[in-house]
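Engineer:
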Amino acid sequence: LLVLGIESSCDETGVALVRAEPQRAVPALLAHALHSQIAMHRLYGGVVPELASRDHIRRVLPLAQQVLRESGHALADIDVVAYTKGPGLAGALLVGAGVACALGAALHKPVLGVHHLEGHLLSPFLSADPPEFPFVALLVSGGHTQLMRVDGVGRYALLGETIDDAAGEAFDKSAKLLGLPYPGGPVLAQLAEQGDAQAFALPRPLLRAGNLDFSFAGLKTAVLTQVQKLEAQGPEVLQARRADLAASTQAAIVEVLVKKSLLALRQTGLRRLVVAGGVGANRQLRAQLDAACQVRGIRVHYPELYLCTDNGAMIALAAAMRLQAGQQQAVCDYAFDVRPRWPLNALPSAA
Ligand code: ATP
Ligand code: MG
Ligand code: FE
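Residue numbering for the sequence shown follows the UniProt record's numbering, beginning at 5 and increasing consecutively.
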């Protein structure tokens, strides 16, 4: 079963082809192609929705052609076309949905709308060390921060989530305050490597609340206060302390993510943790989770670095895993729709 996946929920256009085989537990990634719009949006300091949609339209078919070429397959070989149905920017989602339905209608093949976060969540199955169900998932992306109990494809129980900003948003907003370019997460992380993580005492909201919820909005305010204090002492003072402040910010975010993940593992009694989403690429987060889990005998799984942020492979994978798990293919009338807001735990189980 060959599944073509199309991702266009935000600022990357991704297309990929996976093959699902009955005898293999995890579908195989045959080819993938990605175009990131980061350079275009950087001029504006964030994603401009209208520009995002237009760029997806320009990129998606050439990327699909690239994927077919690289995999050695023809358009007619595709069995199912999957696209990101939500959550995300409505106009951007409509590009992937429209193209997927047009391809499906032309090929007389079914089309499947995929939940973007299910894609992130399942992306570690494409790694060299894939997880097994059940597990606790730490979903840390630009728009979401959630802990879930995962018992199978589509069997997601929300354990806790952020009550304000997402972890990726905390990285990006703090980075902006430090004068770093969009998206600030990876740039802040890089700057933090040269800084002292203990230099500034920043808040760890809800760390001792005993629940599995997160709050990162206060951190951003604390970073702003520090930036203003340093700036008041002169631009060279701020410049000299930026790495320290970046390291301290990263340490605050990472500590909360690690401690809450451990609490979720303790509360559920599960011995396996799966990390997914863009912030899952963070080296400090990985190092601290590895260390904490190793002493407790807990297995941790991550997506490959190139699959942490948005991509088409995770969308093709999620569709393929649903079909493999026995999900019935709905009769498709190609009347595509998107869901800009769509909670992950509202999804039905695959089988
Ligand atoms: P969502 O998936 O919730 O809709 P999104 O698709 O924008 O949001 P992702 O693509 O999963 O989110 O991840 C992007 C986020 O990951 C950005 O906030 C970015 O700063 C952050 N990020 C990426 N790499 C790193 C890193 N090394 N350290 C910290 N943050 C990172
Ligand atoms: Mg992105
Ligand atoms: Fe995403």
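Idealized CB from N, CA, C, for every residue including glycine.
Are the beta-carbon atoms belonging to asparagine 215 and glycine 164 less than 8 Å from one another?
Structural biologist: yes
Engineer: Run the Cβ filter for me: residues under 5 Å from any heavy atom of the ligand FE, listed in the order they occur in the chain.
Structural biologist: Result (chain order): Ser145, Asp314.
Engineer: Where does alanine 268 fall in DSSP's three states?
Structural biologist: helix
Engineer: Roughly how many angstroms separate the alpha carbons of isoleucine 319 and glutamine 298, rounded to a whole number?
Structural biologist: The straight-line gap from Cα to Cα measures roughly 31 Å.
Engineer: Starting from the Cα of alanine 161, find the closest Cα among Ala170, Leu142, Lys177, Ser178 and give me that residue.
Structural biologist: Leu142
Engineer: Any heavy atom of the ligand ATP closer than 7 Å to the CB of histidine 124?
Structural biologist: yes
Engineer: Quick one: using the 10 Å Cβ neighbour count with 16 as the cut-off for buried, is phenylalanine 129 buried or exposed?
Structural biologist: buried
Engineer: Would you kindly report the start and end of the unbroken beta strand (DSSP E) that includes glutamate 25?
Structural biologist: Looking at the DSSP string, glutamate 25 is not in any beta strand (DSSP E), and its letter there is neither H nor E.
Engineer: If the criterion is Cβ atoms closer than 8 Å, does the pair alanine 355 and glutamine 331 meet it?
Structural biologist: Cβ atoms of alanine 355 and glutamine 331: closer than 8 Å.
Engineer: On the CB-based measure, 16 or more other CB atoms within 10 Å of its CB, does aspartate 341 come out buried or exposed?
Structural biologist: exposed
Engineer: In the DSSP assignment, the alpha helix (DSSP H) including glycine 90 goes from what residue to what residue?
Structural biologist: Glycine 90 -> not in any alpha helix (DSSP H); beta strand (DSSP E) instead, spanning 84-90.
Engineer: According to DSSP, is glutamate 16 part of a helix, a strand, or is it coil?
Structural biologist: strand
Engineer: So, at 6 Å on beta carbons, what are the nonlocal neighbours of glycine 199 in its own chain, with the 5 sequence-adjacent residues on each side left out?
Structural biologist: Ala247, Asp248, Ala250, Ala251
Engineer: With hydrogens ignored, establish whether the beta-carbon of histidine 36 is closer than 7 Å to any heavy atom of the ligand ATP.
Structural biologist: no
Engineer: Tell me the DSSP secondary structure of isoleucine 10 in three-state form.
Structural biologist: strand
Engineer: Taking all protein chains shown into account, do 16 or more other C-beta atoms lie within 10 angstroms of the C-beta of tyrosine 310, making it buried, or fewer, making it exposed?
Structural biologist: Counting Cβ neighbours within 10 Å, tyrosine 310 comes out exposed, since fewer than 16 surround it.
Engineer: Tell me the residue span of the beta strand (DSSP E) that contains phenylalanine 139.
Structural biologist: Taken as a continuous stretch (DSSP letters only), the beta strand (DSSP E) holding phenylalanine 139 covers 139-144.
Engineer: So is leucine 8 buried or exposed if we call it buried at 16+ other beta carbons inside 10 Å?
Structural biologist: buried
Engineer: Measure the alpha-carbon distance for alanine 96 versus valine 231 and round it to whole angstroms.
Structural biologist: C-alpha separation (whole angstroms): 35 Å.
Engineer: For lysine 233, count neighbouring C-beta atoms within 10 Å of its own C-beta (all shown protein chains included) and say buried if the count is 16 or more, exposed if not.
Structural biologist: exposed
Engineer: Can you tell which of Lys177, Gly147, Arg159, Asp176 has its C-alpha closest to the C-alpha of threonine 166?
Structural biologist: Gly147
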